[in-house]
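Numbering (our numbering), first residue to last: -9 to 276.
Input: a single structure, listed below in structure tokens.
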């Protein structure tokens, strides 16, 4: 079957939740008007992605403002919507991805491979997530997760579509365009990896990245790059599809993808002691 998928490439203002949700809603509305049945926001789209802030006051549980907004739009517009946020469970914070389905369901994926300063702000997740939907099983990753082969081996043969939500930087000076001497080769991977995953697993991949200016801080090297996010969100339609890419500016990328359901496999999802409070569809209903 074919569905319309949307990768929402968004610029977020640091810790300005109201402004970011207003911007997100305008972009999501555009995706809906273009017929999107699945929409993906970037990593931490509601707070912005930065080393500097204290995310604690802006962290959310299942009834927080961001998740309430995503769930309401998912139900009202009959869309599967995924968006990144800071999740709070007890005294711990996670770099998480909320997945909302039109029946009121909420599942949460936690980033498993933290990088740079993230290790000082968040706890890592410890399990994959597969969400059954009306058009197939979706597997999830957040930003740096996608460079690890074991992440995709967990999903091999068990998903019909993959989603990657990211705040992937360019690793280049935003003023001169000169790439960082050590990490400059990493920026272009955001363009290449989603297509490689689609070819390897034989499933469509929807990759939604942030755009706009940022500072990339590398604690071990005690270095800060006046950087920008790489943008270049993409929709890759499986093994034989030609990827569709955004540029570096804010945009809504909508394209059809073909989903070939894996026959003989039952719908399933991983659960663990770190599953979010809203990880059960029943517990997530308002």
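Built from N, CA and C at the ideal position, the CB exists for glycine as well.
query: Residues sharing a beta bridge with residue 198, DSSP; result: 155
query: Cβ-Cβ separation, residue 157 to residue 32 (assumed contact under 8 Å), whole Å; result: 6 Å
query: Alpha-carbon to alpha-carbon, residue 168 and residue 29; result: 33 Å
query: As assigned by DSSP and simplified to three states, the class of residue 46; result: helix
query: Segment contact, 8 Å Cβ cut-off, at least three pairs: the stretch 58 to 71 with the stretch 185 to 195; result: no
query: Simplified DSSP assignment, three categories, for residue 148; result: coil
query: Closest by C-alpha distance to residue 74, when choosing among 81, 85, 64 and 65; result: 85
query: Residue(s) in a DSSP beta bridge with residue 105; result: Residue 105 is not bridged to any residue.
query: Residue(s) in a DSSP beta bridge with residue 74; result: 87
query: Segment limits, beta strand (DSSP E) that includes residue 243; result: 241 to 248
query: Within 8 Å, strictly: CB atoms of residue 126 and residue 188; result: no
query: Below-8 Å beta-carbon distance, residue 2 vs any chain B residue; result: As a matter of chain content, chain B is missing from the structure shown, which is built from one protein chain.
query: CA-to-CA distance, residue 95 to residue 124, given in whole angstroms; result: 12 Å
query: Distance between beta carbons of residue -1 and residue 240, contact taken as under 8 Å; result: 6 Å
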